[in-house]
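For the sequence shown, counting from 1, position 135 maps to 370 in this note's numbering; every step adds exactly one. Glycine included, each C-beta is placed from N, C-alpha and C at the ideal position. Every value quoted in this text rests on a predicted model; they were computed, and no experiment measured them. Structure, as structure tokens:
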Amino acid sequence: MMELSRSGLLLIAQFEACALVPYPDPDAAHMAWGFGVQTPGAVPSWRMTFPEAVARFKEALVPRVVSVNTFLKVGVTQGQFDALVSIYYQKGNAYAPIIVDAINDKSSGVASSIFPYCARNKDKIWKQGLYNRRLREQ
236 MMELSRSGLL LIAQFEACAL VPYPDPDAAH MAWGFGVQTP GAVPSWRMTF
286 PEAVARFKEA LVPRVVSVNT FLKVGVTQGQ FDALVSIYYQ KGNAYAPIIV
336 DAINDKSSGV ASSIFPYCAR NKDKIWKQGL YNRRLREQ
């Protein structure tokens, strides 16, 4: 079973930024805080420290790491694994299955060519920031 590398963790954290108070997540039905951690029932008056945000972020990544390991049927490099965890953390099942299927079919070239196009928000609007993120994840 592969683990998310320190580099992968830092890359995801860099993309997510850190909010020590809950904020309405435009891509979700509830509030998020810390490093984009979805928190149903959160209210704007809540506060957390930076160490708490890091701990919650690491906890939120665990199920994504387990899922990516479950989805993959072939070996991948550490960089590929980190990129898959990143896209799964940020977009859930919106794009991860398409990319994993290409990798499992031993079409990593196809998978990497798909990555930059996975830059749409929940309303299917293309976002330059997401496109830049996808390029860095490769």
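Three-state class that DSSP yields for residue i in the structure shown
| i | result |
| --- | --- |
| L255 | strand |
| G364 | helix |
| G269 | strand |
Distance CB(residue i)-CB(residue j) smaller than 8 angstroms
| i | j | result |
| --- | --- | --- |
| V300 | E238 | yes |
| V309 | N339 | yes |
Same chain, Cβ closer than 7 angstroms to residue i, five either side skipped, listed in chain order
| i | result |
| --- | --- |
| T305 | none |
| P259 | M266 |
| I349 | I333, I334 and A337 |
Euclidean distance between Cα positions of residue i and residue j
| i | j | result |
| --- | --- | --- |
| P275 | G344 | 38 angstroms |
| G364 | M236 | 31 angstroms |
| V256 | G314 | 31 angstroms |
Classification of residue i by the beta-carbon crowding that lies within 10 angstroms, buried from 16 upward
| i | result |
| --- | --- |
| I247 | buried |
| R371 | exposed |
| L245 | exposed |
Own chain, CB closer than 8 angstroms to residue i, minus 5 neighbours either side, in chain order
| i | result |
| --- | --- |
| R282 | L255 and V256 |
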